[in-house]
Amino acid sequence: MMAHMSKFWLMKSEPGVYSIEDLKKDGNTHWEGVRNYQARNLMRDEMKVGDAVLFYHSNATPTGVAGLARVSREAYPDFTCWDSQSRYFDPKSTESEPRWVMVDIEFVEAFDRIVTLEEIRTESALSSMPLVNRSRLSVQPVTRKEFEMIVQMGRNG
DNA sequence: GCCAACGTTGGC
DNA sequence: GCCAACGTTGGC
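Residue numbers 0 to 156, in numbering that gives the first Met the number 0, belong to the letters of the first sequence in order.
Structure (structure tokens):
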């Protein structure tokens with residue numbers, strides 16, 4: 000038996016689709032549309048209510064961590080995969096055997112400034128984050144040290 | 001908009 | 001089970 004260890008995550012969103020400001024307005028949202036097995040497994044097997052999330056803006060100017068969120072509901076089936084009108088529709092996922100899951104997250108704070116990918120790359124204490132060398136993984140584990148450092152950078156301008 | 005990296009699919 | 005073709009992500 001192992002205690003739940005990893006309490007820190009980074010989750011990517013294109014701000015044109017859903018930004019930290021959208022989350023601030025909504026307060027809470029379901030994280031639909033993850034269609035990558037590794038990311039799914041992390042959400043399904045590892046994420047717990049209360050875990051802290053770095054909210055990352057991808058495909059943005061600038062790209063980087065924009066704020067904080069918190070896991071508010073553990074993994075459950077991603078219903079958008081059953082909706083043929085959805086961009087996330089997946090005909091291989093059935094209601095009896097859902098292939099994809101989502102979690103819910105709630106807004107915590109928007110940073111004073113974006114902590115950019117460029118800064119993260121050049122900061123040696125952060126350069127081993129998956130963000131830097133596994134750039135396509137949309138849900139990533141983050142260590143406490145990395146998390147705290149990025150929060151401090153985001154708050155201190 | 002381009003394109004490199006990389007994940008997924010499907011034929012064999 | 002391999003691997004070529006294809007599709008997607010995401011930085012720039």
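Built from N, CA and C at the ideal position, the CB exists for glycine as well.
Remember, predicted model here, so these are calculated numbers, not experimental data.
Residue range of the unbroken beta strand (DSSP E) whose run includes residue i
{"i": "Phe110", "result": "Val100 to Thr115"}
N-terminal and C-terminal residue of the alpha helix (DSSP H) that residue i is part of
{"i": "Val131", "result": "Pro129 to Asn132"}
{"i": "Val33", "result": "Segment: none, Val33 is in no alpha helix (DSSP H) and carries neither H nor E."}
{"i": "Gln151", "result": "Arg143 to Asn155"}
Counterpart residues of residue i in DSSP-defined beta bridges
{"i": "Pro76", "result": "Val100"}
{"i": "Met10", "result": "Phe54 and Val138"}
{"i": "Leu22", "result": "Partner(s): none; Leu22 has no beta bridge."}
{"i": "Asn27", "result": "Glu105"}
{"i": "Leu67", "result": "Leu53 and Glu108"}
Residue from the options with nearest C-alpha to residue i
{"i": "Glu177", "options": "Cys80, Glu108 and Ser127", "result": "For residue 177 there is no data in the structure shown, the boundaries of the chain being 0 and 156."}
{"i": "Asn155", "options": "Ser134, Ala68, Asp111 and Leu22", "result": "Asp111"}
{"i": "Met46", "options": "Pro61, Val70, Ala65 and Glu13", "result": "Val70"}
{"i": "Phe7", "options": "Val141, Gly66 and Asp82", "result": "Val141"}
{"i": "Arg43", "options": "Ser18, Val100 and Leu130", "result": "Val100"}
{"i": "Glu13", "options": "Asp50, Leu67 and Thr60", "result": "Thr60"}
{"i": "Glu105", "options": "Ile19, Gly15 and Lys11", "result": "Ile19"}
{"i": "Ala65", "options": "Thr28, Arg98, Tyr17 and Val48", "result": "Tyr17"}
Rounded distance between the beta-carbons of residue j and residue i, thought under 8 Å
{"i": "Val107", "j": "Met152", "result": "Rounded, the Cβ-Cβ distance is 16 Å, inconsistent with contact."}
{"i": "Val102", "j": "Glu73", "result": "6 Å"}
{"i": "Ala38", "j": "Val138", "result": "4 Å"}
### Query
Are three or more beta carbon pairs between the region 111-129 and the region 28-38 nearer than 8 Å?
no
### Query
Quick one: any contact between the region 52-63 and the region 83-96, if contact means 3 or more CB pairs under 8 Å?
no
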